[in-house]
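The structure under discussion appears below in the form of C-alpha cells.
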C-alpha cells in the first residue's frame, strides 16, 4: 500500500505538528539550558504556520485515507480554535514553568502531541481514528498533569486521571467494537447506515450508543461522568488545567457532535433524551457545587462542568427529532460559538490564576485574591472582566455565547430548557462575583500587602491581551465569528 | 444634527469614564469631579436640545450607531429610539443625574476612592442612557445589566464594610433572577417576531395570541420586578443602602429602580394584549405599595425608611401600569425622581453633618441647627406625602383617581391605605429627626454644621422641582404632560371617558384628607405626645417586632432557598470527593488483592513448576555437566516458556477446549 501525496497533504498540519514535536524532543537534550525558550518559540511558529494552512483550506471538504479522515469547514473551525488555545497555553507555560521550576522542553512536545490528538479527533470520519486521537490526546495529558512530579497533589491527579481516563477509553472502545460487530465497519457513514436500518430499538445499537455517550461524557466532563474534573484540575499545573479545560473540552465536543449527528443521526430520539437529562444534571450540579468551593481552581473546574452543561443545550437542540435543519444547525453553530468564546474567558481566568503567586505558593485559594484590586489593579480588573463574562453579563462575549445558545433553544421550542439554563446562569453570578468581591471589597492582609510580585512577563501579557481582546471584541462585535460558525456547521 | 446630538448623549459620560478610569490617578480629585459632572451636564444640555426638537416636531425617529450583531436571521443594531417617552426619561436621568453628581463632589470630598467613585457613577450614566434610549430589546438589556453591575460596584464602594459587600452581592444575584426572566422574554419576542426592534415588534403585536402575549408579558414582569424591587424580589433594595448616599439617591431612588416601570410602559402594547399579566402587574404594585410602607413605619435608619418608601412608591407606579394609567406611571416616576432624590440627598446632608450617623434615635432637634437642610427635607416630605400643590400630590392622586374611576376598588383601597401610611412614616421621620430633644452624642452635637454650598445648591433645585414639578400634569388627565405622552403611553383600545368634575374633586379631597390624616397622627404621636408611640409599640409587641424585622422575609428566603442550595452544593461536593477517592482507592485495592493472588500463584504454582524443572535440569546437568555454561540464562528461558505454557493452559481452560 502506498500513501498518496494528496492524502498526506490533507493532513499536512498534523504532520507538521508531529514533526515539530519530534524535533523538540530530539533538540531538547542538546540545547543549552539558556536557549530552551527557543523551543517554545519554535512550537509557536509551527502553530502559526498550521493556522494559516488550515485557515486557507477553511472552505474545503476533502476526504483522505479511504475516508478515515475528513477535512471540512467544521473540522477546520475546531482546528483553528485548538491552534489558538495551544498557542496561548504555550505562551502562558513559558513563564509558569519557570516559576514552578519544571521548565522542561518535552512539555511543549506533549502539548503539540496532545494537540495532534485533538486535531485527529475533530477531523476523523471513522470511530477508530477518533479513538486514536482521543488516546493520543489523553496520554499526553496524563503526563502533563503529573508534571509537577515533586508535588503529591500533581502525581495523585495524574494517577486519578490516568486510571479513570483509561477506564472511560475502555468503555468507549467497547462501544466502538459493538458497532463494528453490527456494522462490519468503523466508518461513521457506514455506521450511520447500519444504525438507521436497524433502528434505535435494537438493543445492540442502544448499548453501543450508551457506551459511546458515556465515553465522551468523561471527556467533556458532563455529570455524572465529571468526577475526575475537580481533582485533576486542582492538582495539575495551572497552565495544563487551562489547556484541559478549554482545548480538550472543545475537541471532545467537536468529536461528540460528529459522532452523534453523523453516526447516530438516524436515531436521534434514542439519544436526545439522554443528552437532555445529562444537560440538566450537569447544569444543576456544576453550578450548585461551584458555589461552595473555596479553591479557585476547583471553582473553575465546576464552572467548566457547568459550561459543558450549557453547551449540551445546543446538542439537545441539534438532536431534536424532526427539527428543521435550520434549527438543528443553529444548535450546532451555537455550541461552536459558545466554546470559542468560553476558550477566551477561561484561558484568561486561568492565566490570572497562574500569575497571581505569592512567593512560591500558587494563588489558588480564593483567599489569595483578597484585596487584589489594591495590590494589582490591572490583574484584578482583567479577572473581573473574565468573571463577568463567565457569568454571561453583557456587553462581554460570555453574554453573546449564552444568548445564541438560549435563543437556539427557544427557537427549537425548548423554552423550558432555556428557562432552566437562564436560572442557573443567574445562580452562577453568585460564585463568579464572589471572586470580584474578594478582590475588590476586602482589604489585603499585611503579609499579602508585602508580597506584591506578579509573574507577569511579555509572554503572559500576550496571553492576557488576547483573552481580554477576545472577550471584549466578541462581545461588542460578534458578527464575524457568528458567521464563521454558521458557515462551518456540520452538513445536515 | 439631531442624530449627532443623540449619539453624544451617552458618549459624554463614556469619555469621562475613560478619562477618569485610565488617567484619573494622574490629576487631582477636583479635576476628576469636574470632568464627571461636566460630562453629565453636557449630556443634559444635549438631552434638552433633543427634547426641544421633539416638542416642535413631535415625530419619533431612530438613530443607528452601528450594526452590532448580524448573523443568520438575527440582526441587531446599537440604535436609539427617540420619542416623547425617551425624551422624558432622558431629561430625568441626565437632569437629576447632573444634580446628584454635583452634590457628590461635595459629599465624597476627601474620600480615598474619589475618582473610582465617579468612574462608576459615569459608567452608570452610560448604561442608564443606553437603557432608556435603545431602539431594541438587546440594547435595553445591555443597559439593564450595565446599571446592575454599576449598582453592584457602588453598593460595595465601602469595601471595608462586610455588610456592604454582602449587600452588593445580594443586589446583583437577586437582580440576575429578574434578568433571567427578562432575557427569556427577549427570546420569546424573537421567536415570535423574528426581530428585536421595538417599532417592528409593536407593529406586528396584534398577531400575538393572548397566551403568547401573556407569557412574554409575565417574563418581562419578572425582569421588571427584579430591577424595580417589587414583591417578591424587593429584598435587595433596603440592603443596597450600604452604598454612599448619592448612590442611593441616583441609582436606588431616581433612576435605575424605575427602569422596570419604564420597561413596562415601553412594552405596554404587549401588556395590553395580556389582561391577566396586566392585572398581575397592578396587584404586585398595590400589595408592594402597602407592604413596604408598613415596614417603613418602624425602621430607625434614616436611609432604610427612605428605601422602603422607594419600594412602596415604585409599587404605585406598577399599580398605575396595571390599570393602564401609563402616563400617570411615568408622571409619578418623574415627580418621584425629584422628591426622592431630594429626600435622599438631604438625608445625606444630615448624615454628613452628623459625621456618619444614620440612626434617627440618635438625632432629634436638628431643625434649628441645620435649618436649610431641614427646610428642603420638609419640602420633600410634603411632596411625597401628597400635600397639594406639591409634585407628589398630583401624580399620586392621578393614580388613585384612575384606579377608582376604572373600578379597581381593591387596588384603590391598597393605594389609599398606603398613602396614609406614607404620610405617617414620612412625618414620623421628619419629627424624630428634626424635632424634639436632641439625642445626639455630645461630641457629635458639637460638630453639627450645615453642608457646603456645592451640596446645598442641588438640593434647592430639587426642592424647587418637587414644588412645581407636578404642574406639568395639571389639570389631571388633560395636562401638557398627558398630551405630550399621548402617542406613546395610551393603552391600546382605550376609550375616551368623561368623568364628572365633582367626582374628581371628591377623590382629590379624599386624597388630601388621607395625607393630612397621616400627618396628623404622626404629629400627635411624635410631637404632641412623644410617649404615645412607644406605648403603642409595647402594647402590640408582636406586630411591632414583625414590622421591625420586615416580616422575616429575608430569613425565610435564606432558609427556603439560599441555605438548601448551599447545603446541596456541599453534599454533592462531598460526594464528589468521596466517590472519586473511593474509586481510585478501590482500584488500588483491587491491584493489591490481585497482587497477593499473583504472589501466591507464583509461589505455589510457578515456583513449584520451576523447581520441578530445575530439579530436572539438575539431573540433566548432572549428566551433561559440560553443557552447563550459564544457569541464569537457562532460568530466564524457562521462566518465559513456563509463562507461555501457563497462559496457554489458562486460555484453553477458559475457552473450554481440552488441554491437548
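Protein chains in written order, with our numbering: chain A, 562 to 1053; chain B, 254 to 913. A virtual CB, placed ideally from N, CA and C, is assigned to each residue, including glycine. Everything numeric in this text was worked out from a predicted model, so none of it was measured.
Expected contact under 8 Å - CB spacing of residue 896 of chain A and residue 875 of chain A to nearest Å: Rounded, the Cβ-Cβ distance is 4 Å, consistent with contact.
Outcome for residue 309 of chain B when other beta-carbon atoms lying within 10 angstroms are tallied against a minimum of 16: Classification of residue 309 of chain B: exposed, given that the 10 Å Cβ count is below 16.
Cβ pair count under 8 Å reaching 3, the region 610 to 628 of chain B against the region 779 to 796 of chain B: Contact annotation: the region 610 to 628 of chain B does not touch the region 779 to 796 of chain B, with fewer than three C-beta pairs closer than 8 Å.
Cutoff 6 Å; reference residue 726 of chain B; Cβ partners in own chain excluding five residues on either side: 584, 647, 732, 734
Whole-angstrom distance between residue 1014 of chain A and residue 893 of chain B, CA atom to CA atom: Note on residue 893 of chain B: pLDDT 48, under 50, position unreliable in the model; the coordinate value appears next. Cα to Cα, the separation comes out at about 59 Å.
Limits of the beta strand (DSSP E) - the one that residue 330 of chain B falls within: 327 to 335
Under the three-state DSSP convention, the category residue 688 of chain B falls into: coil
Nearest to residue 991 of chain A (by Cα), restricted to the options B/422, B/744, B/682, B/266: B/422
Secondary structure of residue 752 of chain B, DSSP reduced to three states: coil
Integer-rounded CB distance, given that residue 729 of chain B should sit under 8 Å from residue 601 of chain B: No, residue 601 of chain B and residue 729 of chain B are not in contact; Cβ-Cβ is about 33 Å, not under 8 Å.
Chain-order list of residues whose beta-carbon lies under 7 Å from that of residue 321 of chain B (same chain, five-residue window excluded): 329, 330, 331
Partners in chain A for residue 395 of chain B, counting only beta-carbon separations shorter than 7 Å: Within 7 Å Cβ-Cβ: 955, 956.
For residue 877 of chain B, the three-state DSSP class (helix, strand or coil): The predicted model places residue 877 of chain B with a pLDDT of 48, which falls under 50 and marks its position as unreliable; any figure quoted below should be read in that light. Coil at residue 877 of chain B, not helix or strand.
Proximal residues of chain B, C-beta to C-beta of residue 626 of chain A below 8 Å: Simply none; closest approach about 34 Å.
Interface residues of chain B facing residue 853 of chain A [CB-CB closer than 8 Å]: 819, 822, 823, 826
Counterpart residues of residue 856 of chain A in DSSP-defined beta bridges: DSSP lists A/926 as partners of residue 856 of chain A.
Length of the line joining the Cα atoms of residue 263 of chain B and residue 273 of chain B: 16 Å
Contact set between the region 434 to 446 of chain B and chain A, restricted to residues whose Cβ is under 7 Å from the partner: 436, 437, 440, 441, 443, 444
Between the CA atoms of residue 839 of chain A and residue 780 of chain A - distance to the nearest angstrom: 14 Å
Nearest residue (CA-CA) to residue 486 of chain B, options B/545, B/638, B/796: B/545
Short CB-CB distance (under 9 Å) between residue 910 of chain A and chain B: no
Alpha-carbon to alpha-carbon, residue 445 of chain B and residue 471 of chain B: 15 Å
Rounded Cβ spacing between residue 678 of chain B and residue 534 of chain B (contact assumed at less than 8 Å): Actually they do not touch by this definition, with Cβ atoms about 25 Å apart.
DSSP beta-bridge partners of residue 389 of chain B: Residue 389 of chain B pairs with B/450.
Residue burial classification, residue 216 of chain B (beta-carbon count within 10 angstroms, cutoff 16): In this structure chain B extends from 254 to 913, so residue 216 of chain B is not present and cannot be described.
Test: residue 868 of chain A CB closer than 9 Å to a CB of chain B: Not an interface residue.
Cutoff 9 Å: residue 995 of chain A Cβ touching any chain B Cβ: yes
Nearest neighbour of residue 299 of chain B, chosen from B/351, B/824, B/286, B/285 [CA to CA]: B/351
Same chain only: Cβ atoms within 8 Å of residue 514 of chain B, ignoring 5 sequence neighbours per side: In chain order, 477, 481, 567, 570, 571, 574, 582, 583, 586 place their CB closer than 8 Å to the CB of residue 514 of chain B, counting only its own chain and leaving out the 5 sequence neighbours on each side.
Among A/860, A/769, A/785, A/794, nearest to residue 821 of chain A - alpha-carbon criterion: A/769
Cutoff 7 Å; reference residue 581 of chain A; Cβ partners in own chain excluding five residues on either side: The answer, listed in chain order, is 603, 604, 607, 673.
Start-to-end residues for the beta strand (DSSP E) that takes in residue 625 of chain A: 623 to 625
Residues that residue 426 of chain B contacts on chain A, provided the C-beta gap is smaller than 9 Å: Under a criterion of Cβ atoms nearer than 9 Å, the residues of chain A adjacent to residue 426 of chain B are, in order, 987, 988, 990, 991, 994.
When B/404, B/418, B/635 are compared against residue 428 of chain B, the one with the closest alpha-carbon: B/404
Extent of the continuous beta strand (DSSP E) to which residue 741 of chain B belongs: Per DSSP, residue 741 of chain B belongs to no beta strand (DSSP E); it is in the alpha helix (DSSP H), 733 to 742.
Span separating the alpha-carbon of residue 881 of chain B from that of residue 797 of chain A: Only weak support is given to the placement of residue 881 of chain B: the predicted model assigns it a pLDDT of 38, under 50, and the value that follows is read from those uncertain coordinates. Residue 881 of chain B and residue 797 of chain A: Cα-Cα distance of roughly 54 Å.
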